[in-house]
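These notes are about the structure you will find just below.
Residue numbers (the numbering used here): -16 to 354.
Written out as structure tokens, the structure is:
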């Protein structure tokens, strides 16, 4: 990277930020358009964004955004937040409640000097598909719409770099998919680089060109999104809010008569949503622990497509939860459950149980795509 043209570098940082019991140390140079900041809770993801944006001041080091030094302890530089030309979207959109949608967006536009306006606000409104709600009060719009309005308002300031701290947290899966699609379109259409925080490998694969992996305040690696699976990094923590599992499989039937795709492990078949893949293709299933239900009986009344037999290899206690380490047809799969659920089901090591999983909750990755 030493021979790169400076203008192609989105961000170059080398700083430390210390709190009681925790230090964030970052040293990287990024030239990708869409960069994920990935890691377990408490690893420093949001703190990194806060230091880039200016909401927090590093103790030592420097931060350069698109070649401009916005912080330097040596040169005593700390550019104010409003002069850094960065857009920052948090988990809560914080729209002005006394304004309608259009007024929220144009408030930001009117604060931006004409000579700094790089984006056509009407084009942004159309890209985000919010032209039909411009006159609505922000209290009357949905969570997904509110996040798109917040994104439009941020883009109205024509930022050089977009920072996103999991703005889709708490939204329904359908809305999350919509928000992610719009973010990808915006980044591509406007040639706008972005950094986004995530602890979900599915989001990373859908958006990112490059991944900064943080763990305990340090950068453990900067990798291609596919390497998250190759290096098994998504099973990093049990402190993770939701355990992510990866299971190897092959496509047995790309499209069944019931409009599902059929995958094969060694001796077990799994249904998932229809895939644009071929029979025999290798895939990796990505299963979020929160999407897995447990039953002691195979004949469950749960309305799911997959009832998968597993054996409990081990039961670990982590704070108020229990982690079931299970064997699914020769592959490891972990599930976190409450101690209350474990006691009701009277779960023990070596017990055979069944995992109930909806086809729509199974995500897949292969070397050519993420679905």
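Ideal placement from N, C-alpha and C gives every residue a C-beta, glycine not left out.
For this session: Pull up the distance between the alpha-carbon of residue 80 and that of residue 91, whole angstroms please.
Result: 15 Å
Exercise. Can you tell me whether residue 284 is buried or exposed, with buried defined as 16 or more other CB within 10 angstroms of its CB?
Worked result: exposed
For this session: Pull up the distance between the alpha-carbon of residue 216 and that of residue 243, whole angstroms please.
Result: The pLDDT assigned to residue 216 is 44, lower than 50, so where the model puts this residue is not dependable, and the model offers no usable value.
For this session: On the DSSP bridge assignment, give the partners of residue 299 in chain order.
Result: 306
For this session: Just the C-alpha distance for residue 169 and residue 23, rounded to the nearest angstrom, thanks.
Result: 27 Å
For this session: Enumerate in chain order the residues of its own chain whose CB-to-CB distance from residue 167 is below 8 Å, with the five nearest sequence positions on each side excluded.
Result: 17, 189 and 190
Problem set entry | Where residue 305 falls, given that 16 or more other Cβ within 10 Å makes a residue buried | buried
Exercise. What's the gap between the Cα of residue 271 and the Cα of residue 230?
Worked result: 11 Å
Problem set entry | contact_flag[the segment 289 to 307, the segment 324 to 343] where n(CB pairs < 8 Å) is 3 or more | yes
Exercise. For residue 71, is the classification buried or exposed, using 16 other Cβ atoms within 10 angstroms of its Cβ as the cut-off for buried?
Worked result: buried
Exercise. Do you know offhand how far residue 355's Cα is from residue 69's?
Worked result: Summary: the structure shown does not reach residue 355, with the chain confined to residues -16 through 354, and so no result is reported for it.
Exercise. Alpha carbon to alpha carbon, how far is residue 252 from residue 246?
Worked result: 6 Å
For this session: Look up residue 186 in the DSSP assignment and say whether it is helix, strand or coil.
Result: helix
Problem set entry | Start and end residues, beta strand (DSSP E) containing residue 52 | 51 to 55
Problem set entry | Cα-Cα separation between residue 89 and residue 101, rounded to whole angstroms | 15 Å
Problem set entry | Residue of 111, 126 and 64 minimising C-alpha distance to residue 32 | 64
For this session: Would you give the residue range spanned by the beta strand (DSSP E) that residue 84 belongs to?
Result: From DSSP, residue 84 is part of no beta strand (DSSP E) but of the alpha helix (DSSP H) over 84 to 94.
For this session: Compare the C-alpha of residue 115 against each of 38, 27, 9 and 84 and name the closest.
Result: 84
Exercise. How many angstroms separate the CA atom of residue 320 from the CA atom of residue 268?
Worked result: 21 Å
Exercise. In chain order, what residues of the same chain lie with their CB nearer than 6 Å to the CB of residue 139, ignoring the 5 residues before and after it?
Worked result: 88, 91, 92 and 104
Problem set entry | Nearest-angstrom Cα separation, counted from residue 42 out to residue 2 | 10 Å
Problem set entry | Residue from 28, 337, 315 and 293 whose Cα sits closest to the Cα of residue 181 | 28
For this session: Consult DSSP for residue 357 and reduce its assignment to one of helix, strand or coil.
Result: No answer is possible for residue 357: the residues shown for the chain start at -16 and end at 354.
Problem set entry | Cβ-heavy atom distance, residue 184 to the ligand NAD, below 7 Å | For the ligand NAD, the structure offers nothing, since it holds no ligand at all.
For this session: Return the chain-ordered list of same chain residues with a C-beta closer than 6 Å to the C-beta of residue 334, the five sequence neighbours on each side being excluded.
Result: 295
Exercise. Using DSSP with H/G/I as helix, E/B as strand and the rest coil, what is residue 124?
Worked result: coil
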